[in-house]
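Participant: First, the structure itself, so that you have it in front of you.
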Amino acid sequence: MPLRPHDRPRHAKPVARLRRRVGLGVLALPLLAWAAAAGAAQATQGADVTVAVAANFAAPMKRIAQAFERASGHRVVAAYASTGKLYAQIAQGAPFQVLLAADAKTPERLQAEGRAVSGTRFTYATGRLALWSRQTGGVDAQGAVLRSDRVSRLAIADPKLAPYGAAAMQVLQRLGLETALTPRLVIGESIAQAWQFTATGNAPLGFVALSQVMQDGALARGSAWVVPAELHDAIRQDAVLLRAGKDHEAAIALLRFLRSDEARRLIRDFGYEP
Amino acid sequence: MSPEAWQAIGLTLRLAAATTVALLLIGTPLAWWLATTRSRWRAAVSAAVALPLVLPPTVLGFYLLVAMGPDGLVGRLTQALGLGTLPFTFTGLLIGSIVFSLPFAVQPIQHAFEAIGERPMEVAATLRARPLDAFVSVALPLAWPGLLTATILCFAHTVGEFGVVLMLGGNIPGATRVVSTQIYGHVEAMEYAQAHALSALMVGFSFAVLLALALMRRRGTRVMP
Chain W
53 MPLRPHDRPR HAKPVARLRR RVGLGVLALP LLAWAAAAGA AQATQGADVT
103 VAVAANFAAP MKRIAQAFER ASGHRVVAAY ASTGKLYAQI AQGAPFQVLL
153 AADAKTPERL QAEGRAVSGT RFTYATGRLA LWSRQTGGVD AQGAVLRSDR
203 VSRLAIADPK LAPYGAAAMQ VLQRLGLETA LTPRLVIGES IAQAWQFTAT
253 GNAPLGFVAL SQVMQDGALA RGSAWVVPAE LHDAIRQDAV LLRAGKDHEA
303 AIALLRFLRS DEARRLIRDF GYEP
Chain F
876 MSPEAWQAIG LTLRLAAATT VALLLIGTPL AWWLATTRSR WRAAVSAAVA
926 LPLVLPPTVL GFYLLVAMGP DGLVGRLTQA LGLGTLPFTF TGLLIGSIVF
976 SLPFAVQPIQ HAFEAIGERP MEVAATLRAR PLDAFVSVAL PLAWPGLLTA
1026 TILCFAHTVG EFGVVLMLGG NIPGATRVVS TQIYGHVEAM EYAQAHALSA
1076 LMVGFSFAVL LALALMRRRG TRVMP
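Protein sequences, first through last, are from chains W and F. Each number in the working numbering comes from the position in the first sequence (counting from 1) with 52 added on. Each number in the working numbering comes from the position in the second sequence (counting from 1) with 875 added on.
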């Protein structure tokens, strides 16, 4: 409806009032968000075991947690991050009861520092490395593609930070390809980022964790060379009971469950060796 | 400090300088349009320009990675032009930085243009200055505090950029490894001494920049939005 000039004052007032009301509503938003968050926090307070999990083990952990919850009636609250970050958080007093690390070194160190319960460390999974392309036929079954000129870029995880990155560098060294391929490396801060660079096609090839490209025991997509285990040091992923989980029934039960046949089967399905 | 650290510092300064120049060239016309237009697209464009202020840098970085990848719109275009794909290159980082710091260029300049008002431009027009002439010899000089603020903020913001570089860069020494990603690597590897040296430098630099801005503001020139 077109406005006549004398309509304006009458019309403007309710609009102004409405504006003011909307303004007050916006101010109340953070308050509402806080209240909702507080409610949500209350709901998770019944959690039984808080576990810090290395990012590469996120997918199997979700399945394992479901199975564990079904079998034991305990509840799992999992936090996923790189092992380096989890270490820093645990050292700063994070309330994790169990750590599933991506290496053996970090749990060992935590034990030496008295932040983990001695005698509880064990290898829950051994990682396998894969040279992967998202394209079928991008990688042959022997990895000969590495010697071809089709490798414009090769994604790896940072060898300084990630065990899978260190393993990838060992493979290149043992194949005598380190000098040839180093200028073409793109380095992800974690194995997750190495996968991402390859999955988006920005790098045609990448060294990733087999667990990232396996689903239910088979390659989910693309093509891969499962790197023979002799070409690199074993990627042992160790679990340990942290000080906050000492004598904690659910935490100990989770560690026990990780060694069960059911958990081992799940772990193998995701491309790890239990 | 190690040669790698110096290399990262050099690269960071180059990236920041290139980003700042590009943003002044892109941001000034955009700010002028936003300050003067009556188009109904103004609000939408204004909101789009401000998006990088509120989006997590990893979101921006991730979308840029996908967009510039071989299947993305930008990636297809650059491949068709024979440029290959841009992630993991300095050009790719530059584009990411431009998007990331866009509001830091546009907003101060836009506020400066708005503060001038219509009158000086109208006066210039009555003196028979053509619009472009009036813009260059009247609007730009009057808006210099805004341009200066934009320059300083863009440079500093690019130096402090992290998430976008992390997602797009691939951490290649000399090409995409900047100071912030270098610090991140040191921290993750628990090399706290090297991390401290670079971090302290960063804190000192950022403080100096903000101090310079505050001092300029105290001198009465309206440089902050």
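All C-beta atoms, glycine included, are put in the ideal place defined by N, C-alpha and C. Predicted model, so just to flag it, every value in this text is computed and none were measured.
So, with DSSP's three-state summary, where would you put Gln149(W)?
Facilitator: coil
Participant: For a quick check, are the C-beta atoms of Ser134(W) and Ser242(W) less than 7 Å apart?
Facilitator: Closer than 7 Å, so yes.
Participant: Exposed or buried, what is Val896(F) when buried is set at 16 or more other beta-carbons lying within 10 Å of its beta-carbon?
Facilitator: exposed
Participant: How about Glu1063(F): is its C-beta nearer than 7 Å to some C-beta of chain W?
Facilitator: yes
Participant: Looking at Met876(F) and the ligand SAH, is the gap between the Cβ and the nearest heavy atom below 6 Å?
Facilitator: In terms of ligand content, the structure shown is empty, and the ligand SAH therefore cannot be addressed.
Participant: Would you decide whether Ala93(W) is buried or exposed? Buried here means 16 or more other CB atoms lie within 10 Å of its CB.
Facilitator: Caution is warranted here: a pLDDT of 47 is assigned to Ala93(W), below 50, making its placement in the model unreliable, and no coordinate value can be reported.
Participant: Answer yes or no: does any C-beta atom of chain W fall closer than 7 Å to that of Val941(F)?
Facilitator: yes
Participant: Any beta-carbon of chain W closer than 7 Å to the one on Phe963(F)?
Facilitator: True, the Cβ-Cβ gap to chain W drops below 7 Å.
Participant: Cα separation between Ala270(W) and Leu181(W)?
Facilitator: 15 Å
Participant: When DSSP labels each residue in this structure, what does Phe259(W) get in the three-state scheme?
Facilitator: strand
Participant: Give me the chain W residues within the contact set of Thr1033(F), using Cβ-Cβ distance strictly less than 9 Å, ordered along the chain.
Facilitator: Neighbours of Thr1033(F) on chain W: none; closest Cβ ~20 Å, over 9 Å.
Participant: Between Gly1060(F) and Lys298(W), which are expected to be in contact by the criterion C-beta below 8 Å, what is the C-beta distance as a whole number of angstroms?
Facilitator: No, Gly1060(F) and Lys298(W) are not in contact; Cβ-Cβ is about 34 Å, not under 8 Å.
Participant: So what's Gln163(W) in DSSP terms, helix, strand or just coil?
Facilitator: helix
Participant: Residues of the region 107-138 of chain W in Cβ contact with chain F at a cutoff of 9 Å, in chain order, please.
Facilitator: Ser134, Gly136 and Lys137
Participant: Report the rounded CA-to-CA distance for Gly198(W) versus Gly179(W), giving the unit in angstroms.
Facilitator: In the sequence as presented, Gly is not what sits at residue 198(W); that position holds Leu. Rounded to the nearest angstrom, the two C-alpha atoms are 21 Å apart.
Participant: How would you write the range of the alpha helix (DSSP H) that Thr135(W) sits in, first residue to last?
Facilitator: Thr135 to Ala143
Participant: Taking its Cβ as the centre, do 16 or more other Cβ atoms sit within 10 Å of Trp277(W), making it buried, or is it exposed?
Facilitator: buried
Participant: Give the interface partners of Gly1110(F) over in chain W, defined as CB-CB distance under 8 Å, in chain order.
Facilitator: No information on residue 1110(F) is available, as it lies outside the stretch 876 to 1100 that chain F covers here.
Participant: Under 7 Å between beta-carbons, which chain F residues line up against Gly253(W)? List them in chain order, please.
Facilitator: Gly944, Pro945 and Asp946
Participant: Three or more C-beta pairs under 8 Å: does that hold for the region 1017-1031 of chain F against the region 883-895 of chain F?
Facilitator: These segments touch.
Participant: Quick one: give me the first and last residue of the beta strand (DSSP E) that Ser275(W) is part of.
Facilitator: Ser275 to Val278
Participant: Is the Cβ of Val169(W) closer than 7 Å to any Cβ of chain F?
Facilitator: no
Participant: Counting pairs of Cβ atoms below 8 Å between the region 287-302 of chain W and the region 974-984 of chain F, do you hit three or more?
Facilitator: no
Participant: Give every residue of the same chain whose Cβ lies closer than 8 Å to the Cβ of Arg311(W), excluding the five residues on either side of it in the sequence, and list them in chain order.
Facilitator: Phe174 and Tyr176
Participant: I'd like to know whether the C-beta of Gly1045(F) is nearer than 7 Å to at least one C-beta of chain W.
Facilitator: yes
Participant: Just mark Met113(W) as buried or exposed, buried being the case when its beta carbon has 16 or more other beta carbons within 10 Å.
Facilitator: buried
Participant: Using a threshold of 7 Å, state whether the C-beta atoms of Leu1073(F) and Val1053(F) are closer than that.
Facilitator: Annotated as distal: Leu1073(F) and Val1053(F), with beta-carbon spacing of 7 Å or more.
Participant: Closer than 7 Å by beta-carbon distance: list the chain W residues that pair up with Thr960(F), in chain order.
Facilitator: Close to Thr960(F), with beta-carbon spacing below 7 Å, are these residues of chain W in chain order: Asn254.
Participant: Closest to Thr960(F) by C-alpha separation, out of Val974(F), Leu939(F), Glu997(F) and Ser972(F), would be which residue?
Facilitator: Leu939(F)
Participant: Measuring straight from C-alpha to C-alpha, what distance separates Leu138(W) and Leu162(W)?
Facilitator: Straight-line Cα distance between these residues: approximately 11 Å.
Participant: Check each candidate in Gly145(W), Gly323(W) and Arg122(W) and name the one with the smallest Cα separation from Gln267(W).
Facilitator: Minimum Cα distance to Gln267(W) is reached at Gly323(W).
Participant: Name, please, each residue of chain W whose Cβ falls closer than 9 Å to the Cβ of Leu969(F).
Facilitator: What Leu969(F) touches in chain W: nothing, since even the nearest Cβ is about 16 Å away.
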